[in-house]
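S.K.: Using our numbering, read the sequence shown as starting at 7 and increasing by one per residue.
Glycine included, C-beta positions come from ideal geometry on N, C-alpha and C.
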Amino acid sequence: MEQEQNKKSVLHNIIAIFMIIICAAVIVLSVLQIFGIWDKAVNVLVPLLGLNQLGMAYVQWKPNRKIAYFNLGAAAFILICSIIIFFVK
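Okay, here's the thing in structure tokens:
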């Protein structure tokens, strides 16, 4: 397992850490939204989910292109919906 981590590029490791930070932010923002502490947290939360999908597409690009294409489609759908909802409200 350690040898596989060492073979991965620096950019791959940076994106993996970035995705962990995004996941933690999504959890915190979800809790804030659920408990009513910040009512507009969902406006930040949803685009972060789209960014997380983009990171997953990058990570999955070499091992499985079909999953990467699905992640790209999901990210595009999430980001387009969040933009539309932002301008409609």
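(1) With DSSP collapsed to three states, give me the class of Ala74.
(2) Report buried or exposed for Ala81, applying the criterion of at least 16 other Cβ atoms within 10 angstroms of its Cβ.
(3) Could you give the DSSP three-state label for Pro53: helix, strand or coil?
(4) Over the uninterrupted alpha helix (DSSP H) stretch that includes Ile43, give me the two end residues.
(5) With 16 other CB atoms within 10 Å as the buried threshold, where does Leu17 fall?
(6) Can you tell me which of the three DSSP states Ser36 falls into?
M.R.: In short, the structure shows the following:
(1) Counting from one through the sequence shown, the residue named residue 74 turns up at place 68. Note: Ala74 maps to helix in three-state DSSP.
(2) Position 75 of the sequence shown, counted from the first residue, corresponds to residue 81. When all chains shown are included, Ala81 counts as buried.
(3) Working through the sequence shown from its first residue, we reach residue 53 at position 47. The answer is helix: DSSP assigns Pro53 an H, G or I state.
(4) For the purposes of this step, residue 43 is identified with residue 37 of the sequence shown, where counting begins at 1. Neither: Ile43 is in no alpha helix (DSSP H) and is coded neither H nor E.
(5) Numbered from its first residue, the sequence shown carries residue 17 at position 11. Exposed, since its Cβ has fewer than 16 Cβ neighbours within 10 Å.
(6) For the purposes of this step, residue 36 is taken as residue 30 along the sequence shown, with counting starting at 1. In this structure, Ser36 counts as helix in the three-state DSSP scheme.
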